[in-house]
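Below: one structure, written as C-alpha cells.
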C-alpha cells in the first residue's frame, strides 16, 4: 500500500506492507468558496460585530495590518490587496497604511521570501511593509501586566498606535492556544520577547488546559484575550483552508467574535473522534512552510500523540529546512536535556 505525506514543497511516498493493518485518518473535505474574491469583499461589507471596513477606514487616520510570517500558509494573496484597496477607496492615504509581519521571535521575512509571503508585488509597491522585531525595546509599548497571571504585556508600537488595528490569519488547531489566528497574531505575533518567552515558559506549557482545540481554562487563550482588552480592541480577518490550501471560509470583524465564528466552522472538520490508540502512528507536519523547523514540527506531533498507545512509536515526516528554530527554543531544549523533564518544568 502506498501513502503520500506532505514534505517540504513536495510529497513523500510511504510504502506499507500489504499484511499490515492500516487505519487512515484524515479530516473530512471542506466545502470550498466558489468565488474567493467575492467572499473576501463580502466579508468586508458584512462584518461580525463591527462596522464595515470602508466605514471604519473613512473614520480613521491610520491602519496597521498584521500578517503572519512565512511559517504559516495564510492565503495573503487573496485578501491583502482587496483590503488595502478598500481602505484607499474610502479615502485613507497609502502612506498611512502599514502591513506588519508578525514574526514573534522568528527571523524577519525579506527579499524573495517577503514577496512570496505577500503574494502580490502591488502590496509592497503601494504601502509600507515592515517586520516586527521582538527584541527592539523602543518598538514596543508597555500596556501593563495581566491581572490573572502577571504577564508583562509589551506590544509593537506600530500596531498599538494605529487607529485601525487588523490582525489577519489562519484558524486551525493549535497545540497550546487551542486554535490559531485572531488574538494569537497579536500576542505572541507582535509581542516583545519578554511577553513571548513568558507564553512559551513551562508555567504555560505544562498546564493541561493549554491544549489543542481547547479554550476552557486555557491559560494562554485567557491571557491573549485580556491583552486584547488592554490594547483597546482590534479587528480580525480570519481564513480557513483545506488540505490543498484552498479557501473554505473567510470573515472579518471584531476580533473575538469573528475569531470564534471561524473556530466554530473549523471544529466541524478538524476534531475527529478516534475510538482507539495505535502502536505506531505515522504523520507529517503538513509540508512547507509548516515543516521549516523542528519547533514548528512539534505542532504536528501533538495531535498524533493523543492517539498513540503508551510505549508506541510516532514517526513524523518533516523537512526542517531551517533546522531547530529560534535561538530561544534551541536553548530551552538544551536546558531540557541537561536538567531533565521534572526540573525543567519547575
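In my numbering, the protein residues as written are 2 to 347. Beta carbons are placed, not taken as given, at the ideal position from N, Cα and C, and that holds for glycine. Computed from a prediction, not measured in an experiment: that's the story for all the values here.
Shortest alpha-carbon distance to residue 99 belongs to which of 73, 182, 132? 132
Residue of 223, 161, 271, 72 minimising C-alpha distance to residue 288: 72
Any contact between the segment 280-299 and the segment 197-204? By contact I mean 3 or more CB pairs, one from each, below 8 Å. no
Determine the DSSP secondary structure at residue 133, reduced to helix, strand or coil. coil
Grouping DSSP H, G and I as helix and E and B as strand, with all else coil, what is residue 168? strand
Per DSSP, the bridge partner or partners of residue 180: 174
Taking DSSP's pairing of strands, which residues face residue 195 in a bridge? According to DSSP, which records beta bridges pairwise, residue 195 is partnered with nothing at all.
Under the assumption that residue 150 contacts residue 224 (Cβ atoms under 8 Å), give the Cβ distance between them as a whole number of angstroms. 6 Å
Identity of the residues DSSP links to residue 157 by a beta bridge: 141
Rounded straight-line distance, which links the Cα of residue 112 to that of residue 269: 38 Å
Mind pulling the beta strand (DSSP E) runs of 3 or more residues that sit fully within the segment 28-107? 64-69, 98-103
Go through its chain and collect everything with a Cβ distance to residue 218's Cβ below 7 Å, but skip five positions before and after it. 210
Looking at the structure shown, is residue 122 part of a helix, part of a strand, or coil, going by DSSP? helix
Short check: CB of residue 191 to CB of residue 157, under 8 Å? yes
Taking only the alpha-carbon atoms, compute the straight-line gap between residue 236 and residue 45 and give it to the nearest angstrom. 11 Å
Entirely enclosed beta strand (DSSP E) segments - the segment 233-296, minimum 3 residues: 236-242, 248-255, 279-285
Buried or exposed (CB count within 10 angstroms, at least 16 for buried), residue 24: exposed
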